[in-house]
Structures are given as structure tokens and as C-alpha cells.
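Colleague: If you scroll down you'll find the structure; I have some questions about it.
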Amino acid sequence: MATGSAVTRVTVILNTPDDWFNWIFLCRDFAKDHKIWQYVNPDTPKESLPDLEAANPKPQLTDYKARASKLSDLSTEDRDSYRWEVEQWRLDEITLQKQERALVQLNTEITRSIATRHLYLIQDLPTVYDRLVALKKQFCPSTADRSRDLIARYTNLKTAPRNLKKLDEWMADWIHITSQCQSINLPETTSYRPQEDFLIACQAHYPNYAATCLDQIYEHEINGTNLLSLPAYVEKMTKYIRRAAQTTATESSVLSTSAAKLGIANLPCVCGLSNALPDCWILNPLHPGRPKDWTPAPIGVRKVEQAQKDPKISKQIKDALNEWASRQQYRDKIQVDDGQPPSGGTSFVVHLLDTGSAATPLNTIAQLSMEPPHRPGAARRARRNKTFHPAREPGRHEARLQLEHDGATGPLPFLNPTRAHYRHGARPDARFKWTSRNDRKGRHAVVIDTKNTSAISKHTTPRPTSSIRTVARNIWRMLTYCPVWDVSYDVAFVFTLGSVIWVINAFFVYLPLVQPGTEFKTEELYGGGITAFIGATVFEIGSVLLIVEAVNEGRSGCFGWVVEQAISHQEEVGGGMIWPSKSHCTHPHTRQYGDGSRHTYASNREQRAQQHLWVWWPTTEELRTHYIHNFGFLASLSQLLGASIFWVAGLTALPGIYNRISKPITVIFYWTPQVVGGLGFIISGCLFMLETQSKWWKPAPRTLGWWIGAFNLVGGIGFTMCPGFGYDSSSWTQYQASLSTFWGSWAFLIGSALQWYESLEKFPVESDRCLNGGSDVVDVHTRKEQS
């Protein structure tokens with residue numbers, strides 16, 4: 005429980021002038037919080053000090069009507085005015101009492117926070133203002149003294165401490181002392197001088213990183229652009245120091261552990277040089293430091309060959325190289341001198357070379373095959389959101405698609421990746437964008453880099469689906485196209501239908517409170533109760549379909565687009581035609597069942613395998629290793645659990661149940677399931693939003709799926725607030741409960757309608773710059789494939 009005292013939360017004892025500014029800051033902070041600083045500010049002359057305003061006299065009934073002795077003697081208008089004035093008088097009285105108590109408390113805190121030997125300064129001063137004035141006169145340093153002190157402290161900051169453990173405190177002082185210097189406008193801290201001085205001081209311990217940051221400062225000064233603030237540079241340096249310390253500690257621990265385990269901590273290399281076994285260029289031809297044209301010395305090769313004859317030494321070499329190879333797969337790619345990465349296989353061969361004479365060609369005399377061991381701990385150290393499971397990697401059937409350098413990403417490190425970008429060799433200006441949400445919805449997105457698109461390839465590039473023409477066409481398709489075999493469409497349609505029912509329910513419950521004349525008999529009981537049950541049931545059906553949709557994602561790994569080379573000079577300039585093709589899509593829920601006339605791109609063997617892609621629930625192994633870390637599955641599961649619990653409230657709302665149960669039963673089986681179910685909707689909406697974001701803290705308002713999750717989140721909040729108000733039976737809380745259902749239902753309806761639109765746009769096209777026009781040729785392909 006808060007005590008209201010801000011001064012006693014930290015220990016600042018006023019003893020010397022150095023303590024004054026921290027001490028007066030706490031006093032000022034406390035006084036401003038309680039709105040009394042204007043009455044005690046020691047910088048204000050006493051004659052200009054305002055007085056504590058006393059409350060006005062309490063209003064009397066006779067002020068409105070002579071001889072009035074009770075409230076009923078007044079008219080309706082006068083009664084309302086009297087009540088309002090009495091309420092204002094009470095508020096003024098409470099405010100005055102709080103201020104008076106705060107003054108007494110501040111006076112006490114001043115006495116407690118002064119060194120004992122200085123108590124004589126305030127002994128004869130009863131008011132807070134007089135005490136603060138006396139203490140300021142005694143302890144507050146003059147402007148000149150403070151300037152000299154801050155200049156000295158700032159100068160000392162320019163020398164970094166030798167002890168690395170004190171760097172955190174030293175960098176914190178940079179922000180604290182520099183801000184004080186700038187508050188009094190010291191010339192030493194104007195412009196970009198603090199940033200430059202800080203980085204120059206950091207060069208004592210981290211010269212390379214500090215020099216890089218200094219170069220950035222000089223470039224900003226030359227270009228006249230804005231520079232990062234000093235706190236920003238301090239934060240960057242702090243992160244760099246911590247990361248460098250963690251990397252050094254981890255590598256030292258791994259290397260020392262490996263050496264001790266292998267028993268080679270004090271052994272020189274078998275080639276005769278004083279390096280570790282994995283660092284030997286003869287034993288390890290994949291070492292990043294080995295030059296491409298390097299030739300081993302004959303004497304070193306003979307020593308290695310001789311050592312290989314000893315089984316014990318041979319085992320040590322094999323174990324050391326295995327350990328080295330297993331570490332490399334969790335680091336960045338090895339950079340070899342020829343610029344080519346090493347082979348990606350799970351084994352490599354060490355060639356021991358021999359030269360019998362100068363004229364004899366080099367012959368391979370031994371091969372040592374090594375398999376990197378399986379290390380469960382290493383898999384746990386790798387971030388889950390950076391790698392795909394081999395069986396679920398997108399584009400695994402597309403040989404010409406190449407994953408971009410940033411690889412797979414996701415907002416949370418302990419969950420599966422949610423996005424990845426691939427490039428096609430024939431169209432370097434196009435990126436095939438995979439997201440977990442699009443994969444679950446059977447959507448295939450492509451991003452066109454219009455800045456790098458050639459004049460020829462513009463005629464073979466699809467029109468962005470954000471154009472007005474495409475949006476209008478998709479809205480029309482919402483009214484004329486019903487792909488009931490598509491589970492994503494079914495999910496959107498069912499939730500839209502359920503949201504409409506809940507909107508009708510909200511009108512039954514909320515409208516009589518706003519327009520009592522529109523209410524008919526048993527409207528709330530029968531109209532509200534029956535629609536609540538139907539709406540909860542429809543939401544339950546939609547949640548089941550949502551789970552079915554989630555457990556069927558990520559099984560095909562298709563991209564649904566075709567890049568064809570036209571028979572022209574486009575092949576020389578990389579002008580492949582991009583067009584969407586449903587026949588190239590292997591998503592199981594986008595196939596029309598019973599349509600045997602449609603040819604598929606996959607081979608007969610793949611078609612037979614895809615017949616088993618559709619599942620209703622994953623296996624225990626899939627659930628443990630994949631789906632429990634999957635955004636879409638977790639969000640859908642939260643939606644299903646919330647809808648199932650919420651359905652209990654819908655059942656209880658039926659006529660014949662709701663009007664016959666007692667109040668405790670109503671609380672347990674009607675209001676509480678709504679609270680728990682609403683929380684499930686909130687969690688589901690949050691997860692659906694996070695799934696579309698590149699970072700957990702960075703919203704994605706340009707993504708349609710993000711808005712769907714956002715509106716579902718708002719709807720879940722409304723459905724949770726409704727029972728929160730409903731626990732109370734007063735009129736205003738019942739009004740707020742009905743209102744919460746009203747706007748929550750509309751939020752669900754908007755989110756469901758957007759989801760409906762999303763389910764029909766299977767081939768979204770994005771562009772870095774908005775294209776006003778498009779290709780008529782490609783639009784023909786688009787209409788042909790989607791019709």
C-alpha cells in the first residue's frame with residue numbers, strides 16, 4: 005500500500021552543498037505531486053507567495069428558497085443545482101484537507117532528512133516555506149561554484165576507468181553529469197561535443213567500435229544531418245560491451261571445455277606447430293584462415309601421416325574436428341578466401357598429402373570422414389524463430405528460390421518463424437514473401453521492387469492488389485463467390501455470421517436503454533437470450549474450423565506463382581513473366597474436392613502424398629515439436645478455449661434458465677464464463693497481431709492480418725468488459741455492460757469482414773512503391789486463374 009511519501013523512498017540526507025540538488029528535487033517532486041509547490045517554493049519572494057485557498061461555505065437550502073428546510077421543498081431544477089454545489093463543496097473540502105496533510109507531511113520529512121548537526125537552522129521556523137528558504141541559503145551553491153564543480157567532474161569523465169567493472173557506473177555518470185552541465189549552459193557541453201568526448205574516452209577500451217561511431221559523427225557534421233543524442237550513444241556502447249563480454253566468455257568456456265574433454269589442452273598439433281588441432285590447415289582444409297592456394301610442407305604432412313597410425317591420437321583428431329564442425333553450424337557462415345562457402349553436407353574429408361619427391365605429383369594418402377555429433381544442448385541454444393524445420397521449410401520443392409540473407413524471422417525467439425523472403429533467379433526484382441498467416445490462409449504473396457524493375461519486366465509484372473480496381477473486384481467477389489471447400493473462407497464466413505448475430509443481440513439489449521419507447525415485452529429475455537446462445541454456438545463452430553485451419557498449415561511449402569521466360573530477348577535481361585497459378589498450389593484446403601478434371605503441377609508421386617496432407621488434429625509428436633511453438637495454432641487454441649467457455653454463458657442466457665436461476669448461480673455460470681472466455685479472445689487477438697509483426701513491439705498497420713487481429717482484440721476487450729460491469733446490478737453498470745457488448749460486437753464484425761476479404765485474395769501483390777498501372781497481360785492470367 006502506498007504511503008504517499010516520495011522523500012522517504014530514497015536515502016538523501018542534506019549534509020553538504022553537494023546534496024542540495026538531489027534533496028530539493030525530492031522535496032519538489034513530492035510537493036508537485038500533492039499540488040502544494042506553489043505555496044512552498046523557496047525561489048518565490050514571500051510577498052508573492054499565494055495563500056492556501058480555503059473552501060467556500062457549504063451551500064444552504066435557503067440560498068435557493070426562503071424557509072426551505074428539506075430537499076423536497078425545492079423545485080426539480082433547484083434540487084439538481086443544490087446537489088451539484090454540495091458535491092463541488094465536498095470536493096473542495098477534500099482537496100484542501102489533502103493539501104494541509106501534505107504540508108504537514110513535507111514539514112516532517114524535511115526534519116527527518118537533514119543531518120543532525122544542521123537542525124539548528126530550522127528549529128525556530130514553523131512553516132515549510134521558511135525552512136526551505138533557510139536551507140537554500142545555507143546549502144545551495146552559487147552559479148559560479150556549481151559551474152566550477154561541474155566542469156571538474158566533466159573533465160574527469162574524459163578518462164575511462166581502468167577497471168572494466170566500473171564502466172557501467174562511468175557511462176551512467178556521463179548522462180547524469182552532462183545533463184547537469186547542459187542545464188546551466190556550460191560551453192563545454194554544447195553542440196555535439198559530449199558525444200565526441202564520450203567516444204574518444206571509450207577508445208581506451210574499445211578502439212574499433214568507438215572509432216566507427218566517431219566516423220559517423222564526422223559524417224553527420226559534414227552533411228549537416230541530425231546526430232544521435234548522448235544517451236543513445238551510451239546505450240549503444242553499453243549493449244556492445246555486454247555483447248562482447250558474453251561472446252568472449254562463451255567462446256572461452258566452449259574452447260576450454262572442449263580441450264579438457266578431449267585431453268589436448270597442453271598438446272601441440274601433430275604437424276609440429278604450436279596450434280590447436282582444429283586450427284591445423286593440414287588436418288582442417290575448411291579452416292576459414294587457410295588460403296586457397298596454400299600447399300602444406302612435406303615434413304608436416306609426414307608427421308601427420310605418422311601420427312594417424314596411433315589409434316589414440318587418431319581418435320583425438322577426429323573428436324577435435326567433430327567438435328569444431330558442430331560449433332560452426334551455430335555461427336555465421338565460414339568465409340573462405342575464395343569467397344565460396346564450404347559444402348553444406350554433414351561430413352567432410354581431410355586429405356593428407358604426401359610428396360615423395362619434388363617431381364612426383366601430390367597423391368591422396370588418407371581420408372578421414374567425420375560426422376558432426378548430435379548435440380541436444382546446441383539445438384536449444386539456437387533461436388527457434390531463426391530456423392525452419394526441414395520438413396516444414398517453405399519452398400523446399402522450388403529449386404530456383406533462394407532464401408534472402410536475413411533468413412527467417414519471427415517476433416518471439418521461443419516460437420516458430422513467421423516470415424521469410426525468397427528470390428527467384430529469373431526475376432531479381434521480385435521477392436516471394438512467405439508468412440505463417442498467409443501459409444495458413446492459402447495465400448501466396450509476392451513483393452515487387454519497382455525501383456529496380458526494368459522497363460521490359462514492368463510489362464510482365466502483376467498489378468499490386470492494393471489498387472482500387474483490384475479492391476473493388478475482390479469486394480464484388482465477396483458477394484458472388486463462395487468457395488465452401490476452402491476452410492479459410494469457411495472460418496471468415498462463419499465468424500462474420502456470428503458477429504452479425506451478436507450485433508443483433510447487442511441491439512436487443514442496448515437499444516431499450518437508449519430508446520425505452522422501442523422496447524417490447526420480453527425483448528431482453530427472449531431476443532437477447534436466444535441470439536446470445538446462437539451467437540456463442542456459431543463462434544464455437546468458427547473456432548473449431550480455426551483449429552482445423554491451423555493444423556493444416558506449413559505442410560506443402562508451395563508458393564503458387566510461376567516465373568516463365570518468354571521466347572524473346574527477356575531471357576537475357578531477366579524479364580521472366582510472373583503470374584499466379586492455382587495449379588501450382590499444393591495447399592490441401594484450396595483444392596475443390598471431386599474436381600478430377602483439374603491438373604496439378606506436382607508429380608503423381610507428390611499428388612499421392614498430398615492426399616494425406618489434410619488432418620483434423622496433429623500427432624502428439626507434431627504437437628510437441630511444432631504446433632506448441634506456432635503462433636497460429638496457439639492463437640486458434642486460445643480462441644477455441646475462450647469460445648468453449650463463453651458458450652456456457654450463452655447456454656445460461658436462454659429463456660427458462662436465465663430467469664429462474666439465483667444470483668450466485670448467475671455470477672458463476674453466466675458472468676464468470678464471459679470473463680474467462682473474453683480473456684481467451686483477447687489473448688487470441690494479441691497473438692494474431694504479433695504473428696504479423698516483425699518485432700514484438702513494432703505494430704504492422706500496413707498488413708491486413710494485423711488489423712484483423714486488432715479488431716478481434718478490441719472485440720475481446722468489449723466482451724470482457726461486459727461481465728466486468730455486469731457483476732454490479734446498478735443502472736449505470738448495466739448500461740455500460742450492454743454498451744460494451746454493442747461496440748465489441750461491431751469490432752468483431754469488422755474484423756470478420758476483413759478476414760472474409762483476405763480469404764478471397766489468394767495472390768496478394770505488394771510493391772515498394774505504389775504502381776498506378778499494371779500489366780494487362782498479367783491481369784488476364786490473374787482473372788483466368790482466380791475465376
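Its first residue numbered 5, the sequence shown is counted upward by one per residue in the numbering used here.
Just so it is clear, CB atoms sit at the ideal spot from N, CA and C, and this is done for glycine as well.
Name the residue from ARG105, PRO49, GLN406, LYS69 whose alpha carbon lies nearest to the alpha carbon of LYS39.
Modeller: Nearest of ARG105, PRO49, GLN406, LYS69 to LYS39, Cα basis: ARG105.
Colleague: Might you give, ordered along the chain, the residues of its own chain that have their beta carbon closer than 6 Å to the beta carbon of ALA704, omitting 5 neighbours on each side?
Modeller: Closer than 6 Å at Cβ, skipping near neighbours: THR696, GLN697, TRP710.
Colleague: When you compare only the Cα positions, how much space is there between ALA264 and GLU327?
Modeller: Low local confidence applies: a pLDDT of 46 at ALA264 is under 50, so the model's placement there is unreliable, with the coordinate-based value given in what follows. Looking at the two C-alpha atoms, the distance is approximately 12 Å.
Colleague: Measuring alpha carbon to alpha carbon, tell me which of ALA156, TRP747, LEU683, VAL671 ends up nearest SER733.
Modeller: The shortest Cα separation from SER733 among ALA156, TRP747, LEU683, VAL671 belongs to VAL671.
Colleague: Between the segment 408-419 and the segment 678-685, can you find at least three pairs of beta-carbon atoms closer than 8 Å?
Modeller: Cβ pair count under 8 Å is below three, so no.
Colleague: Note down, one range per segment and in chain order, each beta strand (DSSP E) of at least 3 residues found wholly within the segment 493-552.
Modeller: For the segment 493-552, not a single whole beta strand (DSSP E) run of length 3 or above is found.
Colleague: For SER195, which residues in the same chain have their Cβ closer than 8 Å to its Cβ, ignoring the five residues on either side in sequence?
Modeller: Taken in chain order, the list of residues that qualify is empty.
Colleague: Would PHE443 and GLU557 qualify as a contact pair, given that the criterion is a beta-carbon distance under 8 Å?
Modeller: Here residue 443 turns out to be Asp, not Phe, going by the sequence shown. Result yes, Cβ atoms of ASP443 and GLU557 sit closer than 8 Å.
Colleague: Count the other C-beta atoms from every protein chain shown that fall within 10 angstroms of the C-beta of ALA540, then say buried if there are 16 or more, exposed otherwise.
Modeller: The residue is buried, with at least 16 neighbouring Cβ atoms inside 10 Å.
Colleague: Report the start-end ranges of each beta strand (DSSP E) in the segment 403-453 that is 3 residues or longer and not cut off at the edges.
Modeller: Those beta strand (DSSP E) runs which fall completely within the segment 403-453 and span 3+ residues are 405-407, 423-428, 431-439, 449-452.
Colleague: Whose C-beta lies closer than 7 Å to the C-beta of ASN26 among residues of the same chain, with five residues either side of it excluded?
Modeller: Cβ within range, chain order: VAL16.
Colleague: Would you list the residues sitting across from ILE118 in a DSSP beta bridge?
Modeller: In DSSP, ILE118 forms a bridge with LEU18.
Colleague: Does SER503 pass the burial test, meaning 16 or more other C-beta atoms within 10 Å, or should it be called exposed?
Modeller: Buried is the call here.
Colleague: Do you know whose CA, among SER187, LYS162, ILE226, ASN167, lies nearest GLN199's CA?
Modeller: For GLN199, the nearest C-alpha among the options comes from LYS162.
Colleague: What three-state label does DSSP hand GLU97 in the structure shown?
Modeller: Correct three-state label for GLU97: helix.
Colleague: Are ALA751 and VAL718 closer than 8 Å when you measure CB to CB?
Modeller: A contact, by the Cβ cut-off of 8 Å.
Colleague: For the putative contact between GLU89 and ASN478, defined by C-beta atoms under 8 Å, what is the C-beta separation to the nearest angstrom?
Modeller: Contact doesn't hold; Cβ gap of about 60 Å is too wide.
Colleague: Where does LYS74 sit, in a helix, a strand or coil, going by DSSP?
Modeller: Residue state, collapsed to three classes: coil.
Colleague: Specify whether the segment 64-78 and the segment 103-119 touch according to this definition: at least 3 beta carbon pairs, one from each stretch, less than 8 Å apart.
Modeller: The segment 64-78 vs the segment 103-119: no contact.
Colleague: Where does GLU762 sit, in a helix, a strand or coil, going by DSSP?
Modeller: Here GLU762 sits in helix by DSSP.
Colleague: Identify which residue in TRP285, PRO292, HIS291, ARG294 has its Cα closest to the Cα of GLY304.
Modeller: Measuring from the Cα of GLY304, the nearest candidate turns out to be TRP285.
Colleague: Do PHE746 and GLY713 have their C-beta atoms within less than 8 Å of each other?
Modeller: No.
Colleague: Which whole runs of the alpha helix (DSSP H) in the segment 701-767 are 4 residues long or more, in chain order?
Modeller: Counting only runs of 4 or more, we get 708-730, 735-764.
Colleague: Give the DSSP-derived three-state secondary structure of GLU557 in the structure shown.
Modeller: Coil.
Colleague: Can you give the Cα-Cα distance for LEU139 and TYR739, rounded to whole angstroms?
Modeller: Approximately 56 Å, taken between the alpha carbons.
Colleague: If SER648 and GLU523 are in contact, beta carbons under 8 Å, what's the gap, nearest whole angstrom?
Modeller: Going by Cβ atoms, the distance from SER648 to GLU523 rounds to 32 Å, so no, they are not a contact pair.
Colleague: What are the boundary residues of the beta strand (DSSP E) that includes SER771?
Modeller: SER771 -> beta strand (DSSP E) spans 769-771.
Colleague: Using DSSP with H/G/I as helix, E/B as strand and the rest coil, what is LYS39?
Modeller: It is coil, neither helix nor strand.
Colleague: Please check the pair ILE245 and LEU171, which I expect to be a contact at CB under 8 Å, by giving their CB distance rounded to whole angstroms.
Modeller: Right, their Cβ atoms sit about 6 Å apart.
Colleague: Per DSSP, LYS699 forms a beta bridge with which residues?
Modeller: DSSP lists LYS702 as partners of LYS699.
Colleague: Between the segment 177-186 and the segment 213-220, can you find at least three pairs of beta-carbon atoms closer than 8 Å?
Modeller: The segment 213-220, when compared against the segment 177-186, does not touch it at the 8 Å Cβ threshold.
Colleague: Considering only C-alpha positions, which residue in the set GLU51, THR99, ASP33 is nearest to ASN60?
Modeller: With distances taken between Cα atoms, ASN60 lies closest to THR99.
Colleague: What's the gap between the Cα of PHE650 and the Cα of TYR662?
Modeller: Roughly 15 Å between the two C-alpha positions.
Colleague: Whole angstroms is fine: what's the gap from ALA156's alpha carbon to GLN220's?
Modeller: About 28 Å.
Colleague: What's the call for MET374, buried or exposed, on a 16-neighbour Cβ count within 10 Å?
Modeller: Annotation note: pLDDT 38 at MET374 (below 50); position unreliable, coordinate value reported separately. The residue is buried, with at least 16 neighbouring Cβ atoms inside 10 Å.
Colleague: Within 10 angstroms of its Cβ, does ASN716 collect 16 or more other Cβ (buried), or is it exposed?
Modeller: Result: buried.
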